[in-house]
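Reading through the structure tokens given below for one structure.
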Ligand code: MSP
């Protein structure tokens, strides 16, 4: 069976979850759900990144031990993902003993292959990024991301010989592993500037994974963090499963961590004797007032604040449909309302309630079967093909728009054929409404990676047995499978219209 392995970044536990973190998580979740529908053996990993100076300092500031700090915040992420219907197969925490073991084994393999050596390191360190910067990277002495002064640090380190990987990295990038293309060019640019060896261990802190051959050192948090993707795929517990999943690994990341995922990580994998990731999907930032969400700017919206107004599916749909991946996008509450009303209330919800009402009025409530020759059949096939392409190319907005195109066309088809004017219980009315119900069956399956709960409500409202997310593609897409015969009752509106106050 084909596999699909998808991961989110693992989130630092110094910060509470906000809609910026939820952004990549919802995308990865929808990709996992789509691939499950496609019948692939799918594994979806998310989790928390719990080591490093940033966490140690946050714990100190809160009067907690680092592990207490991690316990509290990690469970906040788990709760937030639950309220967003995130379907992870595993939630990894980097403080797990299994992960420590995998990190040590992984880096030992890199060392045995001759890619780790000892040296001294000094540089400008930003605790916010957990990264060293060169003089040139700084903006008036400040970290370019956090706009705060970087600290001068000097220490004995183990180094990873990244400089030896320019050629394989170039080949990997040129093979099309990074999406979208603009981000691949950015990664190529970094490699072409020339790569220095990088320091991977620290002696100045002890909150981390110990270097197995020298316990004065802990691994620098980023190297331990990246290896979570290998731990999460079951490297320590099930080699055979790990190999199957790793051959189809897909990371979803934000643009600020491109260097780690598109340069350091593939090189580490090659150094340890593994394949580099199959695909790295890079998103832009979600902005408020032109800036990344921030604690100081009081712009850290928690997903629950929006779920209470839009419902979980209104939330998921907006972030999947409205964001063009790779580019930054400005969050707008007003736009979110417009999108909800236009697509969910007026298009999808309206089509479902309109068709069910007409079945009641014109056919005594008994669902008809679709017309094998309906003009909607071709549109449904096209919607499936485009959706499939959209998910494969990591463009959820295109995937969903293709489904909404089908729904809009079906609403228009009802306007043109005017079944309400035709004779009650006639074959003609049955053919039109049966075909509209068949569109709803198909579109509901296609929408289910985004609309986890409401797709089930609409599925039930059109009298389908089982659940849309239990269908198997592509078989479920063949036209004409809507069975008819069910007694349909007018459902409560699934997407009540929202007002802009
Ligand atoms: N712990 C590291 C990732 C390690 S992955 C092996 C980290 N954590 S983070 O919590 O700071 O950020 C995690 C992800 O959230 C990053 O991909 C980052 O881009 C994303 N986002 C945080 N705020 C964001 C927005 N406002 N918009 C979109 N994504 C942003 O980095």
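Residue numbers (this note's numbering): 539 to 1039. Ideal Cβ placement from N, Cα and C applies to all residues, glycine included. None of the values given here were measured: they were computed from a predicted structure.
Subject >> Per DSSP, the bridge partner or partners of residue 825 >> reply: DSSP lists 830, 868 as partners of residue 825.
Subject >> residue 787 (DSSP reduced to helix, strand or coil) >> reply: The answer is strand: DSSP assigns residue 787 an E or B state.
Subject >> Pick from 790, 935, 558, 1030 that is closest to residue 826, judged by C-alpha positions >> reply: Residue 558 is the option with its Cα nearest to residue 826.
**OP:** Run the proximity test for residue 686: is its beta-carbon closer than 7 Å to any non-hydrogen atom belonging to the ligand MSP?
**Re:** No, the Cβ of residue 686 stays beyond 7 Å of every heavy atom of the ligand MSP.
Original post:
For residue 831, is the beta carbon positioned less than 7 Å from some heavy atom of the ligand MSP?
Top reply: True, at least one ligand heavy atom lies under 7 Å from that Cβ.
Subject >> Whole runs of the alpha helix (DSSP H) within the stretch 598 to 670, excluding any shorter than 4 residues >> reply: For the stretch 598 to 670, whole alpha helix (DSSP H) runs of length 4 or above, ordered along the chain, are 604 to 621, 635 to 650.
Subject >> Option in 588, 581, 546, 615 with minimal Cα separation from residue 841 >> reply: Nearest C-alpha to residue 841 among 588, 581, 546, 615: 615.
Original post:
Between the Cα of residue 714 and the Cα atoms of 743, 815, 1001, which residue gives the shortest distance?
Top reply: Ranking 743, 815, 1001 by Cα distance to residue 714 puts 815 first.
Original post:
Quick one: Cα of residue 788 to Cα of residue 543, how far?
Top reply: C-alpha separation (whole angstroms): 6 Å.
Subject >> Euclidean distance between Cα positions of residue 724 and residue 760 >> reply: Near 20 Å, if we compare the C-alpha coordinates of residue 760 and residue 724.
Original post:
Using 8 Å as the Cβ pair cut-off and three pairs as the minimum, do the stretch 799 to 812 and the stretch 699 to 708 touch?
Top reply: Touching, yes, given that three or more Cβ pairs across the two stretches are closer than 8 Å.
**OP:** With DSSP collapsed to three states, give me the class of residue 583.
**Re:** Secondary structure at residue 583: strand, using DSSP grouped into helix, strand and coil.
Original post:
Taking C-alpha atoms, which residue in 550, 556, 552, 548 lies nearest to residue 837?
Top reply: If we check each option's Cα against that of residue 837, 556 comes out closest.
**OP:** Spell out a yes or no on whether the stretch 910 to 922 and the stretch 1012 to 1029 are touching, meaning 3 or more CB-CB pairs, one atom from each, closer than 8 Å.
**Re:** Output reads yes: the stretch 1012 to 1029 touches the stretch 910 to 922.
Original post:
Is it the case that the Cβ atoms of residue 722 and residue 711 are separated by a distance below 8 Å?
Top reply: Closer than 8 Å, so yes.
Original post:
Which residues share a DSSP beta bridge with residue 495?
Top reply: In this structure the chain extends from 539 to 1039, so residue 495 is not present and cannot be described.
Subject >> For residue 530: DSSP bridge partner residues >> reply: Nothing about residue 530 can be read from this structure; the chain reaches only from 539 to 1039.
**OP:** Specify, as a first and last residue, the run of the alpha helix (DSSP H) that residue 949 falls within.
**Re:** DSSP places residue 949 inside the alpha helix (DSSP H), whose first and last residues are 934 to 955.
Original post:
Taking 7 Å as the line, does the beta carbon of residue 559 fall inside it for any heavy atom of the ligand MSP?
Top reply: Answer for residue 559: yes, Cβ within range of the ligand MSP.
**OP:** Keeping to the same chain, check which residues put their C-beta closer than 6 Å to that of residue 817; ignore five residues upstream and five downstream.
**Re:** Annotation for residue 817: 715, 788 place their beta carbon closer than 6 Å to its own, counting only its chain and skipping 5 residues before and after.
Subject >> Heavy atom of the ligand MSP within 7 Å of residue 764 beta-carbon >> reply: Under cutoff, so the answer is yes.
Original post:
At a cut-off of 7 Å, is residue 618 close to the ligand MSP when judged by its beta-carbon and the heavy atoms of the ligand?
Top reply: No, the Cβ of residue 618 stays beyond 7 Å of every heavy atom of the ligand MSP.
Subject >> Same chain, Cβ closer than 6 Å to residue 993, neighbours up to 5 away in sequence not counted >> reply: Residues of the same chain with a CB within less than 6 Å of the CB of residue 993, apart from the 5 flanking positions on each side, are 982, 985, 986, 1006 in chain order.
**OP:** Under 8 Å by Cβ, that's how I've got residue 651 and residue 810 pegged, so tell me the actual separation to the nearest angstrom.
**Re:** The pair is a contact, with the Cβ atoms about 7 Å apart (cut-off 8 Å).
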